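Residue numbers (full-length UniProt numbering): 1 to 158.
For glycine and all other residues, C-beta sits at the position ideal for the given N, C-alpha and C.
Bear in mind the structure is a predicted one, so any value in this text is a computation, not a measurement.
Notes to accompany the following structure.
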Ligand code: SME
């Protein structure tokens, strides 16, 4: 299946799943589960939340993950600093990359912001055992999809 189709279906499913559900842990958990199941070629899908000036592990799928990531450390720490999506075609070439799972060869990390205030919430991190598994299509859709985690309130519906 084409990547665009995978993401469009995923967005529809997440919207239905999070309709009226505003609990963040529940929504983050189901979001990483669905992404892990549907997006091809993943060995990990992880939420990190920004708390006490560092990233702390949130709901995830995959192998045991690193629990605390300081600002500017690894790919996630860089995104926490720049607040910009990072696509890493070969993690072994990324200075300071944190290898939670030795199978990972490429990675994409997108920043997530609280709705309304736009404050930094954390990051969504996808890992792949394939080199060069992520591109701008993943970035565009993941940036659109990640904020669904905050749920859809009745009054926010169009
Ligand atoms: N590789 C990430 C660390 C998180 S794990 O991959 C789940 C990084 O370099 O920030």
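Given 7 Å as the limit, tell me if residue 85 has its C-beta closer than that to any heavy atom belonging to the ligand SME.
no
Exposure of residue 64, with buried meaning 16 or more beta-carbon neighbours within 10 Å:
exposed
Check whether the Cβ atoms of residue 39 and residue 76 lie closer than 8 Å to each other.
no
From what residue to what residue does the beta strand (DSSP E) around residue 72 run?
Residue 72 -> no beta strand (DSSP E), and no H or E assigned at all.
Top-ranked residue by Cα proximity to residue 102, from 33, 8 and 44
44
Taking the alpha-carbon positions, what's the residue 94 to residue 15 distance?
34 Å
Compute the Euclidean distance between the alpha carbons of residue 116 and residue 35, then round it to the nearest angstrom.
25 Å
For residue 71, count the other beta carbons within 10 Å of its own beta carbon; 16 or more makes it buried, fewer makes it exposed. Which is it?
exposed
Terminal residues of the continuous alpha helix (DSSP H) containing residue 36?
24-38
Where do the N-terminal and C-terminal ends of the alpha helix (DSSP H) with residue 166 fall, by residue?
In the structure as shown, the chain starts at 1 and stops at 158, and residue 166 therefore has no counterpart that could be examined.
Here's the rule: buried if 16 or more other CB atoms are within 10 angstroms of the residue's CB, otherwise exposed. What is residue 96?
exposed
Whose C-beta lies closer than 7 Å to the C-beta of residue 47 among residues of the same chain, with five residues either side of it excluded?
28, 32, 58, 59, 60, 122 and 124
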